[in-house]
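Below you'll find the structure, written out as structure tokens, and then a few comments.
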Amino acid sequence: MAPLSLPNRIFGTVKSFATKGSLLSREVLEMLAESRDMDEFIVRLKNTRYVDAVSRLQRPYTAVAVEGALREDLVNFHSSLANVARESELLNTYFIRYIIYNLKVILKAKALNRSYEEILPYVNMRAEELLGRRDVVVKALVAKDLDEAVASLAGNEFGEDVQSAVNVYKEKRDLQVFDTFLDHTFYLMLARALAAHWRDSDVKGIIVPEIDAYNILAILRAKFWNLEEEQIRRLVVSKVPAIDLYKPGSSIMPLNPVRLPTLTVESMQKMISAESVSSAIAELANTAYRNLVPQPQQYTSDIDAIAILEKNLEDMLYSRYIATYHSMFKHSTIIAALKLRALEVRNLSAIATGIEQKMTPEVIMKKLYLPYLQQR
């Protein structure tokens, strides 16, 4: 596929810079966190650009309802971005994440024997309506139990990973299994979308590290669950289709090739074959991501180590998203705008939850992820 056309990059860049410039400041977030109750929070939120998103909410306001409204607003923003930056397979692929989010919610709830009525408030199907995929989520939602929900997904792109997730869950009883296996479905699709845009070399600077971050965490979590090596290998998303297209000597070369930190197949295999989580992390210290590896004195358990590494990878990714704004008319900046807007929705949802649970403003602010504001 040809690179994103210049007009689409121009229009997309203008919208992306406007998005970054309109992000709510730390001061505004603090003001929202200081709300005495949900009613005051909604009043204050209506004084921001989210007025339309929350105006349809009815009292009594709940954090779940607020998050649903904000996520719907994010989907609409994503749709407008995709309409401006036409031809972006990457933006189109990121739409699948909304379906996957809903499937994670549903499958975890079914695993805990939650009823349809209990699950429904947590599911917003605006993305599915735009994509014409509403039936996928509805069938899983109305299923009488977890096995029936899994059966409803057989034959589509989620089916195989969902079945694998359930098999592992029934043995390990860890709900995070659903996150990892469904993320595998998404990142396979993202790698294919990246291959379609191999001429847009700038997007590799944010997409390749994102896929790497998934692979690192998937391997470590799978080792924590004591999965067999073959099971772990099936979770790994190879970037070969996206990277070997422009290896030295290839007849197909990218425009403005760049050096990227990346995991080699050999490095991932060493992590998979390591005897333990800590040994796998030690192997990661021999890669381009060595600076993100937590030191032994920083953690007391495998779970702590994985959590610290996940935070370090997130910091790295958001630094790259901000860095895309240092130049103009880049496909990567359009992707970054979506990432930043999604993070803002995450922070606002956390504030709503904190207020509902009567947390102090100081505690709420500590739960937010704010480095992106410090780099503005």
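Every letter in the sequence shown is one number past the one before it in full-length UniProt numbering, and letter 319, counting from 1, is 319. Backbone N, C-alpha and C define an ideal beta-carbon position, used for all residues, glycine too.
Residue i, buried or exposed, once every other Cβ within 10 Å from all chains shown has been counted against 16
| i | result |
| --- | --- |
| Glu-229 | exposed |
| Arg-59 | exposed |
| Tyr-187 | buried |
| Thr-324 | buried |
| Glu-67 | buried |
| Lys-311 | exposed |
| Tyr-116 | exposed |
| Asp-179 | buried |
| Lys-223 | buried |
| Glu-128 | buried |
| Lys-367 | exposed |
| Val-265 | exposed |
Residue interval of the alpha helix (DSSP H) (run including residue i)
| i | result |
| --- | --- |
| residue 378 | This structure cannot speak to residue 378, because the chain is shown only from 1 to 376. |
| Met-316 | 302-323 |
| Glu-72 | 63-84 |
| Gly-132 | First-last for Gly-132: undefined, no H or E at that position. |
| Ser-332 | 331-356 |
| Met-271 | 265-273 |
| Ser-238 | Looking at the DSSP string, Ser-238 is not in any alpha helix (DSSP H), and its letter there is neither H nor E. |
| Gln-176 | 176-196 |
| Pro-209 | 201-224 |
| Val-105 | 96-111 |
| Val-123 | Element bounds for Val-123: n/a, residue is neither H nor E. |
| Ser-278 | 277-284 |
| Asp-52 | 51-55 |
Through-space distance from residue j to residue i, alpha-carbon basis
| i | j | result |
| --- | --- | --- |
| Arg-192 | Arg-173 | 32 angstroms |
| Trp-225 | Gln-231 | 11 angstroms |
| Lys-330 | Arg-9 | 6 angstroms |
| Leu-263 | Leu-57 | 45 angstroms |
| Leu-343 | Tyr-321 | 12 angstroms |
| Leu-279 | Tyr-214 | Sequence inspection shows Ser at residue 279; the Leu mentioned does not correspond to that position. In a straight line, the C-alpha of Ser-279 is about 18 angstroms away from that of Tyr-214. |
| Tyr-98 | Leu-70 | 13 angstroms |
| Ala-274 | Ile-281 | 9 angstroms |
| residue 384 | Arg-44 | This structure gives no information on residue 384, because the portion of the chain shown stretches from 1 to 376. |
| Leu-146 | Gly-155 | 17 angstroms |
| Ser-201 | Ile-211 | 16 angstroms |
| Val-137 | His-197 | 29 angstroms |
| Pro-371 | Ser-319 | 8 angstroms |
| Arg-86 | Leu-175 | 37 angstroms |
| Lys-144 | Tyr-369 | 37 angstroms |
| Met-328 | Thr-13 | 7 angstroms |
Any chance the stretch 47-63 sits against the stretch 156-176, with 3 or more Cβ pairs inside 8 angstroms? no
Could you say if the stretch 32-40 and the stretch 85-102 meet the contact criterion of at least three C-beta pairs nearer than 8 angstroms? no
Is there contact between the stretch 18-35 and the stretch 292-308, where contact requires at least three CB pairs shorter than 8 angstroms? no
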